[in-house]
Amino acid sequence: WLTKIISNDMNSISDMLNYQEESTISLMKLYNQPTGFITLMLVIYLFLTLIAVMKITNIFYGPLRQKN
């Protein structure tokens, strides 16, 4: 019964390592040369858009106008 527990633990560790390698490969695809630049531009665009929306809505008044 002890060998069964050890083999189950070893299988779970190897599954975890395989998952970690797969996630690293997918991140490498995202940040490679052609797509890395596009990803960086997208992050900068979204950050600037967030700042613009915050300035437009003005924290004190909110995005909705009051009805008169």
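Take 1 as the starting number for the sequence shown in full-length UniProt numbering and just add one per residue. The C-beta atom is built at its ideal place from N, Cα and C for all residues, glycine as well. This one's a predicted model, so the numbers in the text were calculated from it and none came from an experiment.
Item, Value
"Return the chain-ordered list of same chain residues with a C-beta closer than 8 Å to the C-beta of Asn58, the five sequence neighbours on each side being excluded.", "none"
"Measure the C-alpha to C-alpha separation of Val53 and Phe47 and round it to an integer number of angstroms.", "10 Å"
"Roughly how many angstroms lie between the CA atoms of Lys55 and Tyr45, to the nearest whole one?", "15 Å"
"For the alpha helix (DSSP H) that contains Tyr31, what are its first and last residues?", "Per DSSP, Tyr31 belongs to no alpha helix (DSSP H) and is neither H nor E."
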